[in-house]
Structure formats: C-alpha cells, structure tokens
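Chains as they are written, first to last, in my numbering: chain A, 1 to 296; chain B, 297 to 468.
A short write-up of the structure that comes next.
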Amino acid sequence: MKAAPFAYFRPASLEEAAERLGSNADDGAMILAGGQSLVPMMALRVAYASELIDLNAINGLDQVAQGNGVLSVPSLVRHADFHRPSVARGPLGQALATLSRQIAHYPIRQRGTFCGSLAHADPSSEWGVLCAALDAEIELLSATGRRRVAAADWWLGAMETVREPEDIIAAVHLPLLSDDTCWGFYEFNRRAGDFALGMAFCSYRLENGRIVAPHIALGGIEESPRRIPQAETALKGALPDAETFEAAAAAATDAITPLEDPGTPAAYRRDLAGTVVRRALQASAQPKRAYAEMPA
Amino acid sequence: MSEPINFSLKVNGATYSLTCPPRKTLADALREDCGLTGTHVGCEHGVCGACTVVVDGRTVRACLMFAVQSEGAEVRTVEDLTKDGALSPLQQAFIDNHALQCGFCTPGFLMLITGAFERDPDISEDELTELLSSNLCRCTGYRNIARAVLQAADEIVAGGRNIGHQPNAEVR
C-alpha cells in the first residue's frame with residue numbers, strides 16, 4: 001500500500017513543467033495536480049510513475065477567469081472552489097456548485113482538481129458529464145505548443161482520452177449560461193460519495209414556452225460521457241412537461257451502449273439511463289437550491 | 297532519481313527539517329519523522345480518513361499527499377487541539393457524548409470537523425451529515441459523533457464559532 005519509488009520535480013511555471021514532461025514522458029513521467037486519484041492508484045500499484053512533476057507550487061493556476069462568455073478553469077482549481085455559486089456568473093455558477101458537492105467527499109474536494117478529473121477520465125466524473133453536455137474545450141500544453149480539443153473529441157473510452165503523455169491540461173473552458181437557461185442534474189449511486197452508477201446533466205432555454213437549444217449528456221452509463229442526440233431531438237420544440245421528459249428518457253434508453261460490471265448488468269444501467277435523464281429534466285423545471293455564500 | 301529530498305515544513309507551529317524519499321506520504325512522515333503519532337494511518341488510499349489533517353487551511357487526507365509536497369506548508373494535526381493540557385471544546389464534546397469507542401478514527405474525525413468548521417463556520421446540519429460521511433468509524437458511532445459536533449458548535453457560537461481551541465473559551 002505504498003507507492004513504488006519515483007523521482008520528484010517541482011517546476012515554477014507551466015512551461016517548465018511542459019518542458020520536463022516533454023523530456024521524461026517516454027520514461028513514464030506524469031503530472032501531479034490534486035493527486036486524489038493518481039496517488040491512491042500508485043499506492044495500490046495500478047499506476048507507476050518514473051517521475052512526478054508536481055504543479056502545486058506554480059502560481060496563478062488556482063483562480064477561474066470569466067470573459068467573452070467563457071469560464072476558464074486552470075490546472076489547480078480544486079473541486080471545493082466551486083462550492084460557492086458566485087464562482088461563475090448566472091446558472092453556470094449554480095450548476096457548478098451543485099455538481100461539486102456530489103464529488104467524492106469534502107477532504108477529497110479540497111485537493112482534487114477540475115482539470116485532473118478530465119485527465120483521469122473516469123466515466124463517472126461529474127465534471128466529465130458537465131463538459132460533455134456544455135461542449136467545453138480542453139486546452140492542452142506541451143513543449144511544442146498549445147492546442148484545444150472539443151469535449152466531443154476528448155474521450156476515447158473509459159479512463160482514456162486523446163491527451164498524449166507529454167500533454168498537460170492547462171485549462172478547461174466552459175460556456176457561461178445565459179440567465180434564462182434552465183438546467184438540471186441527477187446522479188445515482190449506492191452510497192453518498194461513491195462513484196456514481198449513472199448521471200445526467202441537461203440544459204435548455206424556453207421560447208414561447210417551448211424548449212430550444214436542448215443539451216443533455218449522460219455520465220457513468222457508457223465508457224465515456226457524451227451528449228445523447230436522440231434525447232435532445234425528443235426535447236426540441238416540445239413543452240417542458242412530464243410527457244416530453246418521458247419521451248427523452250425513452251430515447252436515451254434506446255440510444256446507448258451501457259457499461260457492465262460484476263455488480264451491475266448492462267440492462268440495469270440501460271434502465272438507469274432513462275431514470276437519470278427523466279430526473280435531471282424534472283430537476284430543470286424545479287427551483288434551484290440556494291447555497292450560502294460560504295468560503296470553499 | 298528517487299533519492300531522499302531535504303525539505304522543511306511547519307507542523308503545529310514548529311519547524312521540522314526532514315529528509316524523505318518522494319514516495320513517503322505526509323501521514324507516514326508526520327508519524328515517523330516528526331514523531332507525531334496522533335495522526336493515524338488506516339487504508340492508505342484515501343477512503344477511511346483516519347489520517348485527516350489540515351494543510352494550509354484545507355482539510356486533506358495525509359495519505360494522499362507525498363511529504364515532499366508539504367515543503368513550506370503549515371500543517372495542523374490532532375496534537376494541536378489541546379493547549380496547556382486543556383481539551384478543545386470539540387474534544388470535550390466527544391467525551392461528553394461518547395463519540396469515541398475504540399478511538400482509532402477519532403483523530404481523523406477531530407481534524408475533519410475542526411478544519412471544515414474553521415473554513416465554513418455556518419455549516420448546516422445537512423452539510424454536517426455529508427461532511428461526517430467523509431470518514432469511516434468502524435465502531436459505527438456516527439450518531440454520537442454528530443451529537444458531539446452539534447454540542448461543540450453550540451458552545452462555540454459565542455467564541456467566534458471556531459470549533460478548534462479557543463484560548464479564552466471556557467472548557468468544562
């Protein structure tokens with residue numbers, strides 16, 4: 001239950017980290033940010049690093065930035081930093097506060113990072129389903145430059161993304177949501193704080209009482225989170241009522257290839273997909289819980 | 297390359313200069329190198345919370361940080377709660393409410409609650425339940441732990457709502 005030996009490097013800038021990773025990634029060097037998934041995996045000897053490049057001493061990576069309709073989340077913003085809805089303008093801040101409180105437990109949220117969650121790419125990541133639903137962009141930095149990847153192109157499978165070993169996630173960019181955006185989230189797990197068995201996030205606006213620009217994504221159900229176009233089609237132009245939500249849930253149920261594990265047959269997750277879609281949509285039509293403006 | 301690294305950190309206000317291999321966790325360094333065995337080590341992969349400490353004002357698992365990462369940090373452990381032989385109000389509330397049975401999880405719970413309340417003094421009862429679910433008590437004494445926290449929180453309202461040690465707080 002102790003990690004295998006590794007070397008340790010603490011760069012003073014993200015560029016220095018990228019240089020170092022560019023030189024040593026082939027030998028097995030890895031980035032260490034929050035470490036709340038990587039460190040236990042190293043302790044359990046399912047992950048090995050020749051060297052950990054620790055981003056935690058780099059200044060200026062721990063605050064989100066807002067501008068031009070985008071919220072940018074750099075490498076060292078912790079899950080708990082989203083506990084306050086004021087972290088982002090409008091409904092996005094509320095959504096981030098709600099989802100952040102579903103992530104693991106309080107002490108894990110104090111250290112784990114948003115960007116690290118995207119890098120780790122667990123199918124049950126709350127930030128994963130949010131990024132998929134809202135078409136976030138992931139900004140990668142390597143010794144050879146920067147590039148952006150759309151969320152739809154990010155995941156290759158469970159715990160697998162297009163990120164190359166020499167890439168660092170410098171930031172994730174999320175679109176701010178207009179004040180008239182309706183959104184809802186629901187996740188199911190067997191115990192509080194566990195990895196969710198399934199979750200859904202939805203957003204849309206109403207024009208003349210009918211749904212426009214619907215986005216709905218599933219997480220924890222398939223190998224990676226994604227928008228479900230068939231469910232969005234069922235919502236488009238419809239009234240936000242129980243019948244519409246049921247139709248979207250049924251469409252999602254038919255559209256997926258569910259994960260299977262020894263405790264959870266695929267048929268269960270297929271059924272659960274419909275349930276989480278329906279409940280996320282129901283939540284979108286409910287008043288939102290007010291969170292105190294407390295410190296993270 | 298994985299040779300020991302020299303670094304220093306502050307624990308409970310005192311500076312320690314340590315030499316640790318990078319793979320040594322903060323929990324192990326606190327116990328073995330600082331001699332502070334109040335921080336317990338249970339699962340060693342972030343699930344049980346027995347090793348919970350406060351690092352630079354954030355409540356974290358000491359088994360999910362490598363000791364070398366704490367260079368220059370201010371760490372607080374359960375040893376910091378008692379001052380001049382006087383228990384902190386939370387510690388006293390644990391005794392009053394029979395909130396410890398075997399006691400193995402107790403240091404982790406004390407630091408979890410102390411750190412969380414210092415950061416967020418207005419934590420609601422719902423949020424308290426969620427907070428306490430962070431750590432495991434295999435004696436399953438959660439109800440009494442929750443009672444102790446509520447008692448301590450009440451007692452400390454007048455003292456600035458700091459659930460840790462209050463120099464001027466009356467300790468029974």
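Glycine included, C-beta positions come from ideal geometry on N, C-alpha and C.
8 Å CB neighbourhood of residue i in its chain, flanking five on each side removed
i, result
"R434 (chain B)", "C398, F400, C401"
"D254 (chain A)", "Q230"
"R385 (chain A)", "Since the displayed chain A opens at 1 and closes at 296, residue 385 (chain A) lies outside it and no answer follows."
"I137 (chain A)", "First, the residue type needs correcting, since residue 137 (chain A) is Glu and not Ile in the sequence shown. R148, V149, A150, A151, V172, H173."
"D62 (chain A)", "P74, L76, V77, R78, D81"
"E15 (chain A)", "L141"
Alpha carbon of residue i to alpha carbon of residue j, nearest angstrom
i, j, result
"G60 (chain A)", "D241 (chain A)", "45 Å"
"S50 (chain A)", "R319 (chain B)", "11 Å"
"A266 (chain A)", "C131 (chain A)", "24 Å"
"L206 (chain A)", "V212 (chain A)", "6 Å"
"V374 (chain B)", "N393 (chain B)", "19 Å"
"Y48 (chain A)", "N208 (chain A)", "56 Å"
"A12 (chain A)", "I53 (chain A)", "11 Å"
"G263 (chain A)", "M41 (chain A)", "21 Å"
"F390 (chain B)", "F405 (chain B)", "10 Å"
"N24 (chain A)", "L141 (chain A)", "15 Å"
"F245 (chain A)", "V277 (chain A)", "8 Å"
"A3 (chain A)", "T233 (chain A)", "48 Å"
"I419 (chain B)", "F195 (chain A)", "24 Å"
"T436 (chain B)", "V356 (chain B)", "22 Å"
"E139 (chain A)", "G334 (chain B)", "42 Å"
"V309 (chain B)", "R10 (chain A)", "For the record, residue 309 (chain B) in the displayed sequence is Gly; it is not Val. Taking the straight line joining both Cα atoms gives about 24 Å."
"K288 (chain A)", "A29 (chain A)", "43 Å"
"L38 (chain A)", "G342 (chain B)", "11 Å"
"A43 (chain A)", "E340 (chain B)", "7 Å"
"P317 (chain B)", "I58 (chain A)", "22 Å"
"N56 (chain A)", "L259 (chain A)", "34 Å"
"R313 (chain A)", "E166 (chain A)", "Past the boundaries of the shown model lies residue 313 (chain A); chain A is included only from 1 to 296, so the question cannot be answered."
"M1 (chain A)", "R45 (chain A)", "8 Å"
"E160 (chain A)", "A121 (chain A)", "6 Å"
"Y204 (chain A)", "A252 (chain A)", "17 Å"
"S313 (chain B)", "L305 (chain B)", "7 Å"
"A33 (chain A)", "G116 (chain A)", "7 Å"
"F114 (chain A)", "L99 (chain A)", "11 Å"
"V162 (chain A)", "D380 (chain B)", "56 Å"
"M407 (chain B)", "T257 (chain A)", "43 Å"
"K236 (chain A)", "D26 (chain A)", "47 Å"
"Y438 (chain B)", "L424 (chain B)", "11 Å"
"L383 (chain B)", "A448 (chain B)", "12 Å"
"S178 (chain A)", "H83 (chain A)", "20 Å"
"F188 (chain A)", "G274 (chain A)", "12 Å"
"I31 (chain A)", "D180 (chain A)", "39 Å"
"R457 (chain B)", "A97 (chain A)", "Confidence at R457 (chain B) is low in this model, with a pLDDT of 46, below 50, so its placement is unreliable and the value that follows should be read with caution. Distance between the alpha carbons of R457 (chain B) and A97 (chain A): 24 Å."
6 Å CB neighbourhood of residue i in its chain, flanking five on each side removed
i, result
"A133 (chain A)", "F201, H215, A217"
"H105 (chain A)", "G193"
"T315 (chain B)", "P300, N302"
"G338 (chain B)", "C344, A346"
Residues near residue i in its chain [Cβ-Cβ closer than 7 Å; skip 5 each side]
i, result
"R468 (chain B)", "Bear in mind that the predicted position of R468 (chain B) carries a pLDDT of just 30, short of 50, making it too unreliable to give a figure here."
"L176 (chain A)", "Q66, G69, V70, L71, A88, R89, G90, L92"
"G157 (chain A)", "E223, S224"
"P295 (chain A)", "Its pLDDT being 47, under 50, P295 (chain A) is placed unreliably by the model, and the measurement read from it follows with that caveat. No residues qualify anywhere along the chain."
Distance between beta carbons of residue j and residue i, contact taken as under 8 Å
i, j, result
"I474 (chain B)", "Y268 (chain A)", "The structure shown does not extend to residue 474 (chain B), since chain B spans only 297 to 468, so no value can be given for it."
"L272 (chain A)", "G219 (chain A)", "Incorrect: roughly 11 Å between the Cβ atoms, too far for contact."
"Q110 (chain A)", "R443 (chain B)", "Actually they do not touch by this definition, with Cβ atoms about 25 Å apart."
"A363 (chain B)", "C347 (chain B)", "The Cβ separation is near 12 Å, so there is no contact."
"S430 (chain B)", "G345 (chain B)", "6 Å"
"E19 (chain A)", "A143 (chain A)", "5 Å"
"L427 (chain B)", "A412 (chain B)", "5 Å"
Pair within 9 Å by beta-carbon distance, residue i and residue j
i, j, result
"Q286 (chain A)", "G184 (chain A)", "yes"
"L446 (chain B)", "E414 (chain B)", "no"
"A249 (chain A)", "L281 (chain A)", "yes"
"G128 (chain A)", "W155 (chain A)", "yes"
"C330 (chain B)", "V349 (chain B)", "no"
"L360 (chain B)", "G35 (chain A)", "yes"
"Q94 (chain A)", "P107 (chain A)", "no"
"P5 (chain A)", "S298 (chain B)", "yes"
"L326 (chain B)", "A358 (chain B)", "yes"
"R210 (chain A)", "L239 (chain A)", "yes"
"R372 (chain B)", "T321 (chain B)", "no"
"L118 (chain A)", "I169 (chain A)", "yes"
Check: residue i C-beta below 8 Å from any heavy atom of the ligand PLP
i, result
"R205 (chain A)", "Summarising the ligand content, the structure contains no ligands, and the ligand PLP is consequently not present."
Contact list for residue i against chain D, beta-carbon separation under 7 Å
i, result
"Q365 (chain B)", "You won't find chain D in this structure, because its protein chains are A and B."
**Message:** Quick check for students: name the residue ranges of the alpha helix (DSSP H) that lie wholly in the segment 6 to 71 of chain A, counting only runs of 4 or more.
**Reply:** Entirely contained in the segment 6 to 71 of chain A, the alpha helix (DSSP H) runs reaching 4 residues are, in chain order, 14 to 24, 38 to 43.
**Message:** So within the segment 233 to 280 of chain A, which uninterrupted alpha helix (DSSP H) runs reach at least 4 residues, ignoring any that extend past its ends?
**Reply:** The qualifying runs are 242 to 255.
**Message:** As an exercise, report each continuous alpha helix (DSSP H) stretch of at least 4 residues that is fully enclosed by the segment 80 to 165 of chain A, in chain order.
**Reply:** If we require 4 residues or more, the alpha helix (DSSP H) runs fully inside the segment 80 to 165 of chain A come out as 90 to 100, 106 to 109, 114 to 120, 126 to 133.
**Message:** Please give me, in chain order, every unbroken run of the alpha helix (DSSP H) with length at least 4 that falls completely inside the segment 324 to 403 of chain B.
**Reply:** Within the segment 324 to 403 of chain B, the runs of alpha helix (DSSP H) that reach at least 4 residues and sit entirely inside it are, in chain order, 385 to 392.
**Request:** Write down every uninterrupted run of the beta strand (DSSP E) in the segment 179 to 215 of chain A whose length is 3 residues or greater and which is fully enclosed by it, in chain order.
**Result:** Correct list: 182 to 188, 198 to 207.
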